[in-house]
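Working notes, beginning with the structure itself.
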């Protein structure tokens, strides 16, 4: 079984208290952690494909770079790839559905490229 948990606290004392509570529950249910997959007291990092920082949850710069570095689409498969990448970061794009609509219309009609 795989479980993910994380805690965000402004003060070290709060973080330590949260960890103590978490470890208590883990012990109660006889669950173990894999030390190589644990990180404690970090300022931020990648989590489930997103960046968790002091400012909150942000788009992963690697995913943004993948979109920016894409070549112009020349076939429907490449448009599908682009829409998938955009969907992965859509929560960070203002009016993403509206801006992505032309791509989805193109896929629905299966138009050819010129």
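Numbering (the numbering used here), first residue to last: 14 to 127. All C-beta atoms in this analysis are idealised placements derived from N, C-alpha and C, irrespective of residue type, glycine included.
Beta carbon of residue i nearer than 8 Å to that of residue j
i	j	result
residue 63	residue 73	yes
residue 76	residue 101	yes
Cα-Cα separation between residue i and residue j, rounded to whole angstroms
i	j	result
residue 40	residue 104	36 Å
residue 109	residue 84	20 Å
residue 17	residue 70	16 Å
residue 107	residue 78	18 Å
residue 32	residue 111	42 Å
Limits of the beta strand (DSSP E) - the one that residue i falls within
i	result
residue 72	69 to 72
residue 116	No beta strand (DSSP E) contains residue 116, which is instead part of the alpha helix (DSSP H) from 109 to 122.
residue 65	63 to 66
Cβ shell of residue i (< 7 Å), same chain only, five flanking positions each side left out
i	result
residue 67	56, 57
residue 93	120
residue 22	28, 31
Integer-rounded CB distance, given that residue j should sit under 8 Å from residue i
i	j	result
residue 87	residue 117	So it is not a contact: roughly 18 Å between Cβ atoms.
Cut-off 8 Å between Cβ atoms - residues of its own chain near residue i, not counting five sequence neighbours on either side
i	result
residue 19	60, 65
residue 46	39
Own chain residues within Cβ distance below 6 Å of residue i, not counting five before or after
i	result
residue 130	The structure shown does not extend to residue 130, since the chain is modelled only from 14 to 127, so the question has no answer here.
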